[in-house]
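Visitor:
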């Protein structure tokens, strides 16, 4: 694998994101992006040297962790989200390695995975799951679903097993060694306000804040799937087991309870080998399309490989609620409620006389409408629900475009003309 060219380094510098916190060296991404051509040449020489020696500067291995409070008891560390800030210079090398690894990872990872895959998003998996439930219901085929939750998935990966997987399946040795160099000797500090902790080493898991982590996790999970012997070809009509995945959010779909339980056991065993542990408390079991007799036989909890899993009637998968009868009314109404919350949260901005109507409409299009329409592609919507959606939509447009005039004074024709002007 040849070293990166000057054009690759220049392209990686241009792709750095602005307005981001500087790492431990205090150098912002803007410094590299706005710097002279000579800076790109110097960075190219440094990266080529790293490429040949397969060793990173010690400063590039240091990450500053900033705990961000979520909710709950502030004395419990589990209620904080850790955000790691890396050096901008390291991100240039990371971007180059990402571009080299991405096509190889895409060819390696199975079609069940949509997380961090070009051209795919959560809506693809939501649509696939909805269509599976709908078609199986039409043909009276019950499906069993196990929604898997991993404990701190990215932080528990065994790096040695990850490198073994990459070597086993033919990834270029040079690329594997460079990726290994980015992980060896990684050190962290925790910064709270103006105080910084002592430095400590990280021996497990992927680097938080590094763009390479998403690809490496997909590769590790694909290695688990292959080691478990899963064959994901075909459909649920021809196979007793199928998978849907978006990064670490996995849905095991089976025709029978026995098939799903067997797949869970194999996945759990192989995942533990690389450090991934399944969180039985958050892992849920859902029976879709089954008879009342099947549900009574299943009960409220099911024991799978020693794990006591809860049986639920609905589950929030990738941000959308999936029910056992594939009833979309609850999800549509939930979307409408969340859209109303977003609307009233931004109500002061939308009613402000200091903002231009064009700005208000941009706020509505980017912050309110996507909340309502997330995952709407497979919706089967009733007239009543359509009316509720239209009411919220018209209210948002009227508030955004009223421009100091009460919406009660704006007729439908005038409103349509106003929207056309915007």
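In UniProt numbering, the protein residues as written are 1 to 422.
Backbone N, C-alpha and C define an ideal beta-carbon position, used for all residues, glycine too.
For clarity, every value in this text was computed on a predicted model and none was experimentally measured.
(1) If you draw a straight line from the alpha carbon of residue 146 to that of residue 3, how long is it in whole angstroms?
(2) Check whether the Cβ atoms of residue 212 and residue 97 sit closer than 8 Å, and answer yes or no.
(3) Nearest by alpha-carbon distance to residue 139: which of 349, 54, 290 and 328 is it?
(4) Starting from the C-beta of residue 364, find all residues in its chain whose C-beta is less than 6 Å away, skip the five residues before and the five after it, and write them out in chain order.
(5) Counting only beta-carbon atoms, is residue 107 nearer than 8 Å to chain B?
(6) Going straight from the alpha carbon of residue 14 to that of residue 77, what length do you get?
(7) Using a Cβ-Cβ cut-off of 8 Å (strictly less than) and excluding sequence neighbours within five positions of residue 1, which residues of its own chain qualify?
(8) Within the chosen definition, does the region 345-365 reach the region 311-330 through at least 3 CB pairs nearer than 8 Å?
(9) In the DSSP output, what is residue 191 paired with across the bridge?
(10) Pairing CB atoms from the region 159-166 with CB atoms from the region 269-281, are three or more of them under 8 Å?
(11) Report the start-end ranges of each alpha helix (DSSP H) in the region 32-61 that is 4 residues or longer and not cut off at the edges.
(12) State the start and end residues of the unbroken beta strand (DSSP E) segment that holds residue 284.
(13) Does DSSP classify residue 224 as helix, strand or coil?
(14) What residues in its chain sit with their C-beta under 7 Å from that of residue 387, if we drop five residues either side in the sequence?
(15) Could you tell me the distance, in whole angstroms, from the CA atom of residue 375 to the CA atom of residue 185?
(16) Rounded to the nearest angstrom, what separates residue 208 and residue 105 at their Cα positions?
(17) Label residue 19 either buried or exposed according to how many other C-beta atoms from any shown protein chain fall within 10 Å of its C-beta, with 16 as the threshold for buried.
(18) Given a cut-off of 8 Å on the beta-carbon distance, is the pair residue 241 and residue 132 in contact?
(19) Using only CA atoms, which one of 332, 144, 223 and 327 lies nearest to residue 269?
(20) What separation, rounded to the nearest whole angstrom, lies between the Cα atoms of residue 326 and residue 60?
(21) What residue range does the beta strand (DSSP E) around residue 243 cover?
(22) When the Cβ atoms of the region 292-301 are set against those of the region 327-340, are three or more pairs found closer than 8 Å?
(23) Here's the rule I'm using: 16 or more other beta-carbon atoms within 10 Å means buried, otherwise exposed. How should residue 423 be labelled?
(24) Quick check on residue 258: buried or exposed, where buried means 16 or more other Cβ atoms within 10 Å of its Cβ?
(25) Check each candidate in 117, 354, 357 and 338 and name the one with the smallest Cα separation from residue 371.
(26) Going by DSSP, which residues form a beta bridge with residue 254?
(27) For the putative contact between residue 42 and residue 144, defined by C-beta atoms under 8 Å, what is the C-beta separation to the nearest angstrom?
(28) What residue range does the beta strand (DSSP E) around residue 307 cover?
(29) Along the chain, where does the beta strand (DSSP E) that runs through residue 304 open and close?
(30) Using only the alpha-carbon positions, how far apart do residue 195 and residue 102 sit?
(31) Please say whether residue 9 and residue 44 have beta carbons closer to each other than 8 Å?
(32) Might you give, ordered along the chain, the residues of its own chain that have their beta carbon closer than 7 Å to the beta carbon of residue 405, omitting 5 neighbours on each side?
(33) If I measure Cβ to Cβ from residue 314 and keep anything under 8 Å in the same chain, skipping five residues before and after, which residues do I get?
(34) Rounded to the nearest angstrom, what separates residue 167 and residue 210 at their Cα positions?
(35) Under the rule that 16 or more other beta-carbon atoms within 10 Å means buried, what is residue 199, buried or exposed?
(36) Quick one, are the C-beta atoms of residue 83 and residue 66 less than 8 Å apart?
Guide: Answer, in terms of the structure:
(1) Within the chain shown, residue 146 is the residue found at index 146, counting from 1. Within the chain shown, residue 3 is the residue found at index 3, counting from 1. Taking the straight line from one Cα to the other gives about 44 Å.
(2) The residue you call residue 212 lines up with position 212 of the chain shown. The residue you call residue 97 lines up with position 97 of the chain shown. Cβ atoms of residue 212 and residue 97: closer than 8 Å.
(3) Here residue 139 refers to the residue found at position 139 of the chain shown. The shortest Cα separation from residue 139 among 349, 54, 290 and 328 belongs to 290.
(4) The count along the chain shown starts at 1 and reaches residue 364 at position 364. Hits under 6 Å: 396 and 400.
(5) Considering every chain present, this structure includes no chain B. It has just one protein chain.
(6) Counted from its first residue, the chain shown places residue 14 at position 14. Counted from its first residue, the chain shown places residue 77 at position 77. The straight-line gap from Cα to Cα measures roughly 36 Å.
(7) Here residue 1 refers to the residue found at position 1 when the chain shown is read from its first residue. For residue 1, where only same-chain residues beyond five positions count, the Cβ hits under 8 Å are 100, 172, 174 and 175.
(8) Below 8 Å, too few C-beta pairs join the region 345-365 and the region 311-330 to call them touching: fewer than three.
(9) Along the chain shown, one-based indexing puts residue 191 at 191. 196, per the DSSP bridge assignment.
(10) yes
(11) 37-53
(12) On the chain shown, residue 284 is found 284 positions in, with the first residue counted as 1. Residues 284-288.
(13) Here residue 224 refers to the residue found at position 224 when the chain shown is read from its first residue. Of the three classes helix, strand and coil, the one that applies to residue 224 here is helix, per DSSP.
(14) In the chain shown, the residue the question calls residue 387 occupies position 387. Closer than 7 Å at Cβ, skipping near neighbours: no residue.
(15) As a working note, residue 375 is residue 375 in the chain shown. As a working note, residue 185 is residue 185 in the chain shown. Their Cα atoms are separated by approximately 42 Å.
(16) By one-based count along the chain shown, residue 208 stands at place 208. By one-based count along the chain shown, residue 105 stands at place 105. The straight-line gap from Cα to Cα measures roughly 19 Å.
(17) The sequence position of residue 19 within the chain shown is 19, counting from 1. Residue 19 is exposed by the Cβ-count criterion.
(18) Taking the first residue of the chain shown as 1, we reach residue 241 at position 241. Taking the first residue of the chain shown as 1, we reach residue 132 at position 132. Contact flag unset, no.
(19) Translated into the one-based positions of the chain shown, residue 269 becomes position 269. Ranking the options by Cα distance to residue 269, first place goes to 223.
(20) Position 326 of the chain shown, counting from 1, holds the residue named residue 326. Position 60 of the chain shown, counting from 1, holds the residue named residue 60. Cα to Cα, the separation comes out at about 49 Å.
(21) Your numbering for residue 243 matches position 243 in the chain shown. Run containing residue 243: 241-246, per the beta strand (DSSP E) assignment.
(22) With the cut-off at 8 Å, the region 292-301 and the region 327-340 do not touch.
(23) What the structure shows of the chain is the stretch from 1 to 422, and residue 423 is not part of that stretch, so it cannot be assessed.
(24) The count along the chain shown starts at 1 and reaches residue 258 at position 258. When all chains shown are included, residue 258 counts as exposed.
(25) For the purposes of this step, residue 371 is taken as residue 371 along the chain shown, with counting starting at 1. Minimum Cα-Cα distance from residue 371 among the listed residues 117, 354, 357 and 338 corresponds to 338.
(26) Stepping through the chain shown from its first residue, residue 254 is reached at position 254. Looking at the DSSP assignment, residue 254 forms a beta bridge with 144 and 241.
(27) Mapped onto the chain shown, residue 42 falls at position 42. Mapped onto the chain shown, residue 144 falls at position 144. 58 Å between Cβ atoms; not a contact.
(28) In the chain shown, counting from the first residue as 1, residue 307 sits at position 307. Residues 307-312.
(29) As a position in the chain shown, residue 304 is number 304, starting the count at 1. For residue 304, the uninterrupted beta strand (DSSP E) run begins and ends at 301-304, by DSSP.
(30) As a working note, residue 195 is residue 195 in the chain shown. As a working note, residue 102 is residue 102 in the chain shown. Between residue 195 and residue 102, the C-alpha separation is close to 38 Å.
(31) Reading the chain shown from its first residue, position 44 is the one you call residue 44. Reading the chain shown from its first residue, position 9 is the one you call residue 9. The answer is yes: Cβ separation under 8 Å.
(32) Taking the chain shown and counting its residues from 1, one reaches residue 405 at position 405. No answer about residue 405 holds up, because its pLDDT of 44 lies below 50 and its placement is not dependable.
(33) The sequence position of residue 314 within the chain shown is 314, counting from 1. Same-chain partners within the cutoff: 286, 321, 322, 323, 324 and 330.
(34) For the purposes of this step, residue 167 is taken as the residue at position 167 of the chain shown. For the purposes of this step, residue 210 is taken as the residue at position 210 of the chain shown. Cα to Cα, residue 167 sits roughly 22 Å from residue 210.
(35) Residue 199 sits at position 199 when you count from the first residue of the chain shown. Its Cβ having fewer than 16 others within 10 Å, residue 199 is exposed.
(36) On the chain shown, position 83 is the one that residue 83 refers to. On the chain shown, position 66 is the one that residue 66 refers to. At the C-beta level, residue 83 and residue 66 come within 8 Å of one another.
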